[in-house]
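Encoded as structure tokens, the structure appears first; notes follow it.
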Ligand SMILES: [Zn+2]
């Protein structure tokens with residue numbers, strides 16, 4: 009039963025008993041892991057109430073072979089990020105980034121993904137109030153891309169025609185754009201006007217954002233892409249909040 013110590017981000021927590029908590033962690037050195045923090049809910053717990061989502065710390069765990077649940081012995085806090093919980097758009101973006109990592113991260117060390125997740129959380133934490141929505145969309149797209157689900161936004165996925173200034177249909181299940189000349193079929197998707205497509209490309213590529221950019225349909229596009237392309241029928245809890253009404 010080796011003891012390991014690794015930087016970790018808390019993705020999700022839930023109560024396990026009257027006194028203990030189970031944490032879903034993204035560890036830097038061992039990929040996603042679950043750990044039980046015994047006694048974490050006791051008033052005088054050694055964990056001191058820091059085991060909350062989005063916090064990063066140095067986690068010391070007993071890793072049990074062939075077991076899904078490890079035992080957390082220490083969590084030395086590096087950054088708490090509690091302010092992400094104070095407004096819904098920040099919280100929604102952070103929760104979705106964490107949930108995607110929890111479900112789709114490879115079961116091994118992935119430095120790029122770990123860094124992308126931290127950058128996403130910090131960008132949300134530091135975003136100016138007027139730009140939270142764009143920052144959230146861009147941050148989640150970056151996580152999606154780092155997980156290996158890059159939508160094809162340059163050329164038609166059906167005929168290969170390069171799409172520059174034209175509108176196109178975002179076909180969610182095909183994972184990219186289908187031009188106006190190709191048959192649309194009955195797969196789920198949505199027609200994008202040229203301006204909407206430019207905004208999507210900008211958000212997806214993580215290019216500098218602009219306060220005057222109208223995000224309009226973008227939360228719905230990201231939500232539907234994730235739903236059809238990544239979540240494959242399972243429901244992501246935080247996805248329900250990714251709706252224009254959540255931002256405003
Ligand atoms: Zn085409």
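Numbering (the numbering used here), first residue to last: 9 to 256.
Using N, Cα and C, we set each Cβ at its ideal position, and we do this for glycine too.
{"Check": "Per-residue DSSP class, three states only, for residue 184", "Outcome": "strand"}
{"Check": "Helix, strand or coil at residue 43 [DSSP, three-state]", "Outcome": "strand"}
{"Check": "Residue of 86, 128, 50 minimising C-alpha distance to residue 29", "Outcome": "50"}
{"Check": "7 Å CB neighbourhood of residue 122 in its chain, flanking five on each side removed", "Outcome": "34, 36"}
{"Check": "Length at least 3, wholly inside the region 26 to 71: the beta strand (DSSP E) runs in chain order", "Outcome": "29 to 35, 39 to 45, 64 to 70"}
{"Check": "Contacting residues, own chain, Cβ-Cβ under 6 Å from residue 135 (five flanking each side not counted)", "Outcome": "143"}
{"Check": "Same chain, Cβ closer than 8 Å to residue 140, five either side skipped, listed in chain order", "Outcome": "95, 97, 98, 101, 132, 255"}
{"Check": "Rounded distance between the beta-carbons of residue 85 and residue 58, thought under 8 Å", "Outcome": "5 Å"}
{"Check": "Distance, residue 79 Cα to residue 23 Cα", "Outcome": "15 Å"}
{"Check": "Residue 139 - DSSP class collapsed to helix/strand/coil", "Outcome": "helix"}
{"Check": "Three-state secondary structure assigned by DSSP to residue 95", "Outcome": "coil"}
{"Check": "Local conformation of residue 239 per DSSP, three classes", "Outcome": "coil"}
{"Check": "Buried versus exposed call for residue 67 [16 or more other C-beta atoms within 10 Å across all chains shown]", "Outcome": "buried"}
{"Check": "Distance cut 6 Å, beta-carbon to ligand 1 heavy atom: residue list by chain order", "Outcome": "164, 166, 167, 169, 186, 187, 189, 190"}
{"Check": "Separation of residue 39 from residue 17, as counted between CA atoms", "Outcome": "10 Å"}
{"Check": "Beta-bridge pairing of residue 170 - partner residues as DSSP gives them", "Outcome": "163"}
{"Check": "In chain order, each beta strand (DSSP E) run of at least 3 residues that lies wholly inside the region 196 to 235", "Outcome": "197 to 200"}
{"Check": "For residue 77 and residue 113, believed in contact at Cβ under 8 Å, the rounded distance", "Outcome": "That pair is no contact at about 17 Å."}
{"Check": "Residue 210, buried or exposed, once every other Cβ within 10 Å from all chains shown has been counted against 16", "Outcome": "buried"}
{"Check": "Sequence-distant residues of the same chain with beta carbon closer than 8 Å to residue 47, five excluded per side", "Outcome": "27, 28, 53, 54, 55"}
{"Check": "Burial state of residue 65, where buried means 16 or more other Cβ atoms lie within 10 Å", "Outcome": "buried"}
{"Check": "Buried versus exposed call for residue 191 [16 or more other C-beta atoms within 10 Å across all chains shown]", "Outcome": "exposed"}
{"Check": "Residues of its chain near residue 88, where Cβ-Cβ distance is below 6 Å and the 5 sequence neighbours each way are ignored", "Outcome": "63"}
{"Check": "Nearest residue (CA-CA) to residue 146, options 180, 179, 116, 104", "Outcome": "104"}
{"Check": "Between the CA atoms of residue 156 and residue 172 - distance to the nearest angstrom", "Outcome": "24 Å"}
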